[in-house]
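Engineer: Dumping the structure here so I can ask a few things about it.
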Amino acid sequence: MIISCNKCHTRYKVKPELLKKNILKVRCSRCQHVFIIETDKKSPIDLDKNDIVSHAQIITICNQKGGVAKTSTCINLGAALSEQNKKVLLVDFDVLANLTLSLGYEKDVSFYQLVQAGQKNIDSVIKQYSKNLWLLPSNSDMNLFPKYYMQKNGFEFLLKNQLKKISENYDYILIDTPPSMEFFTLNALMAADSVIIPTQCEYFSMNGVKEVGKIINILEDKYKIKLPYHILISLFNPKSTAAKVILTQLNKQFSGKILKTIVEGGQ
Ligand SMILES: Nc1ncnc2c1ncn2[C@@H]1O[C@H](COP(=O)(O)OP(=O)(O)OP(=O)(O)O)[C@@H](O)[C@H]1O
Ligand SMILES: [Mg+2]
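As structure tokens, then:
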């Protein structure tokens, strides 16, 4: 049986013989939190690090504003993590397939083929780019998703349900999304443990961040979930006075949510 620590959510395989008791007191080897499942033992049983069932941290990169470096963030963050020996899956969840094309792949298969053809194993469409980096590609067939699925109950969990099957294979899953807040981004948000919102330091971008924050709050209320988000300043021009002013405003408005790393670029 698999149990999860109710503080840090690390999951463990528990030996079946331990579960024969009524209340089981266990201590998480990762965060040391003691919690109860079912046994009559008085002192906590130490959980073994070797029994940890790891699952990927799923990070969605989104902003309904276009051209703010969502795809670039996804690729570069993925590459950096993979160089640190983390196993990373990049998910291209944008029909334009910029992420797929950037990595040099044809738009031959996508998440659509996987779901429509009822392929049993999600691994059949995943491409291995390098030792620690994989891609779930996109293609224009993904355009059909909203048409066929938008009216179905639970359409927003389509990606989450598929990623659940493979999450144990990776340390991180990074999802790239289109510049809109509809079918694809909603699915990507529902699949995520956390969100990165890249933004330029421009007036309209600031407004875009506010809108994404609002949508995340609505989802948290509606689905009773926690979806922490952080803002990544991208395409920052340190010579621009306007950009510096907007950065100050963003820091005031989203105190504690702006990532320390600022990515320079653009005009
Ligand atoms: N740090 C940077 N320096 C210079 N150019 C950059 C930088 N980051 C991204 N770019 C360029 O900015 C453009 C937009 O980046 P990107 O495609 O990642 O944005 P996006 O938010 O994914 O766009 P879309 O909303 O269209 O999907 C691209 O041409 C990209 O190469
Ligand atoms: Mg993009």
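Last residue of the sequence shown? That's 335 in the numbering used here, and every number before it is there in order.
Even for Gly, the Cβ is constructed at its ideal location relative to N, Cα and C.
1. Mind the definition here: the segment 121–139 touches the segment 239–251 only if three or more C-beta pairs lie below 8 Å; say whether that holds.
2. Enumerated in chain order, which unbroken segments of the alpha helix (DSSP H) with a length of 4 residues or greater are wholly contained in the segment 233–291?
3. For Tyr197, tell me which candidate among Tyr297, Thr168, Ile234 has the shortest Cα-Cα distance.
4. Considering only their Cβ atoms, is the gap separating Met258 from Leu227 smaller than 9 Å?
5. Name the two residues that bound the continuous beta strand (DSSP E) containing Thr329.
6. Can you tell which of Phe223, Lys220, Glu174, Tyr217 has its C-alpha closest to the C-alpha of Leu203?
7. If you compare alpha carbons, which of Leu315, Thr309, Glu288 is closest to Ile301?
8. Here's the rule: buried if 16 or more other CB atoms are within 10 angstroms of the residue's CB, otherwise exposed. What is Gly276?
9. When DSSP labels each residue in this structure, what does Asp114 get in the three-state scheme?
10. Check this for me: beta carbons of Tyr297 and Ile330, under 9 Å apart or not?
11. What do you reckon, is the C-beta of Leu169 under 8 Å from a heavy atom of ligand 2?
12. Return the Cβ separation of Gly146 and Pro247 in integer angstroms, given the expectation that the two are a contact with Cβ distance under 8 Å.
13. Can you give the beta carbon distance from Ser337 to Val163, rounded, assuming they're within the 8 Å contact cut?
14. Suppose the cutoff is 6 Å on Cβ atoms and the five residues either side in sequence are ignored; what does the same chain contact list for Ser97 look like?
15. Quick check on the burial criterion: 16 or more other C-beta atoms within 10 angstroms. Buried or exposed for Met218?
Structural biologist: Reading off the structure:
1. Output reads yes: the segment 239–251 touches the segment 121–139.
2. Entirely contained in the segment 233–291, the alpha helix (DSSP H) runs reaching 4 residues are, in chain order, 251–259, 271–291.
3. Ranking the options by Cα distance to Tyr197, first place goes to Thr168.
4. Met258 sits close to Leu227, with the two beta carbons spaced by under 9 Å.
5. Under the DSSP assignment, Thr329 falls in the beta strand (DSSP E) whose first and last residues are 326–332.
6. With distances taken between Cα atoms, Leu203 lies closest to Glu174.
7. Checked all of Leu315, Thr309, Glu288; the closest Cα to Ile301 is Leu315.
8. Under a 10 Å Cβ-count criterion, Gly276 is classified as buried, with 16 or more other Cβ atoms of the shown protein chains found around its own Cβ.
9. DSSP places Asp114 in strand when its eight states are reduced to three.
10. Against a cut-off of 9 Å, the Cβ pair of Ile330 and Tyr297 comes out as no contact.
11. No, ligand 2 has no heavy atom inside 8 Å of this Cβ.
12. Beta-carbon to beta-carbon, Gly146 and Pro247 are separated by about 19 Å, too far to satisfy the 8 Å threshold.
13. The shown model of the chain, from 69 to 335, leaves out residue 337, and the question about it has no answer.
14. Listed in chain order, the non-local C-beta contacts of Ser97 below 6 Å within the same chain comprise Leu115, Lys117, local neighbours out to five positions each way being set aside.
15. Exposed, since its Cβ has fewer than 16 Cβ neighbours within 10 Å.
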